[in-house]
Structures are given as structure tokens and as C-alpha cells.
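Participant: So in this note's numbering, spot 83 of the sequence shown is number 383, and the numbers just go up one at a time.
Ideal placement from N, C-alpha and C gives every residue a C-beta, glycine not left out.
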Amino acid sequence: MTQTQVTLTLSDDLYENAQRWATITRKGLDETLTNALAIVLTPVHSEPKLEQPVGNLSDDKLLTMVKVRMQPEQGKRLEELLTLQSEGRLTSRQRNELQALMQVYDQLWLRQSEALAEAVQRGLIDPMKP
301 MTQTQVTLTL SDDLYENAQR WATITRKGLD ETLTNALAIV LTPVHSEPKL
351 EQPVGNLSDD KLLTMVKVRM QPEQGKRLEE LLTLQSEGRL TSRQRNELQA
401 LMQVYDQLWL RQSEALAEAV QRGLIDPMKP
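1. What whole-angstrom Cβ distance do LEU384 and GLN394 have, given they're in contact under 8 Å?
2. For ILE324, count the other beta carbons within 10 Å of its own beta carbon; 16 or more makes it buried, fewer makes it exposed. Which is it?
3. Apart from the five residues on each side of it in sequence, which residues of its chain come closer than 6 Å, Cβ to Cβ, to VAL354?
4. Is it right to say TRP248 is buried, meaning 16 or more other beta carbons lie within 10 angstroms of its own, or is it exposed?
5. Skipping 5 residues on each side, what residues in its chain have a beta carbon closer than 7 Å to that of ASP427?
6. Might you give, ordered along the chain, the residues of its own chain that have their beta carbon closer than 8 Å to the beta carbon of GLU369, omitting 5 neighbours on each side?
7. For ARG411, does the three-state DSSP call read helix, strand or coil?
8. Give the secondary structure of PRO372 by DSSP, where H, G and I count as helix, E and B as strand, and everything else as coil.
9. Measuring CB to CB, does LEU398 end up less than 7 Å from LEU381?
10. Between VAL366 and MET402, what straight-line distance do the alpha-carbon atoms span, to the nearest angstrom?
11. Please classify GLY388: does DSSP put it in a helix, a strand, or coil?
12. Taking only the alpha-carbon atoms, compute the straight-line gap between PRO372 and GLU379 and give it to the nearest angstrom.
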């Protein structure tokens, strides 16, 4: 994949949000902004590009994916923001942060669900019984 370098001018608030998000995700600012743009600019009605398809993962990697969780800092912050939202005390900046964290959570949950289904199909774990 080819890449094109772009120079952006961001408002101070947006820059601070990006820096905070980079800290939460433990990634560089450039990678954080690139990932955020990839999420926002995903074409409508198209599936986001995931990592390697779960069907191609080794058994060990698949079982690891079944147990994937948000980073503890992200999970704690998500919990805090959800509490603020339920109390009606969420600022617009916090609402944006909550939306971003929910996207991370949703992507992890989807990936974990796919891995779980594949692991059951391979007989690596027992299916859940009703």
C-alpha cells in the first residue's frame, strides 16, 4: 500500500484530544490520527478491514484472540464515561472520547466473537450449552 504524507493544522482542542487518545492507546500521534481517519472515512456500507481473517489464524493465536480484552486504561475510561453519560454530565469532548472508545470496544468484541465461533468450529473449545 502506498502512502501520502499530509500536513494538518488542528485546533488546540482537537490536538489535545488526539494526544490524549494516543496516550490511552499507547500509540504515536501519527498512528492515532491515521487510525481515527480510517475509522471515520470508512466508506458507507463497507466492512472495516480487519486483521488477518480468523480462519487463517493458528490454533494458539485463535485461542489468544478469544480472550482479547481492552487495555485496562481504556476499559476504566470507558466505564467512567458511561457513568457520566448515564448521569447526564457528559461534555461534548467526553462524548467524542466515548464514541471512539465504543468503536474500539465494538471492534474487539466483533473480532473476539469471530474467533470464538472459529474456535468452536475447530473443536478447540466446547460450545456453550443452553
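Facilitator: Here's the rundown:
1. 6 Å
2. Its Cβ being crowded by 16 or more others within 10 Å, ILE324 is buried.
3. Same-chain partners within the cutoff: GLU414, ALA415 and GLU418.
4. Nothing about residue 248 can be reported from this structure: the residues present for the chain run from 301 to 430 only.
5. Reading the sequence as shown, one finds Pro at residue 427 and not Asp. VAL420, listed in sequence order.
6. First, the residue type needs correcting, since residue 369 is Arg and not Glu in the sequence shown. Excluding residues up to 5 positions away in sequence, GLY375 and LEU408 lie with their Cβ nearer than 8 Å to the Cβ of ARG369 in the same chain.
7. helix
8. helix
9. yes
10. 19 Å
11. Note: GLY388 maps to coil in three-state DSSP.
12. The straight-line gap from Cα to Cα measures roughly 11 Å.
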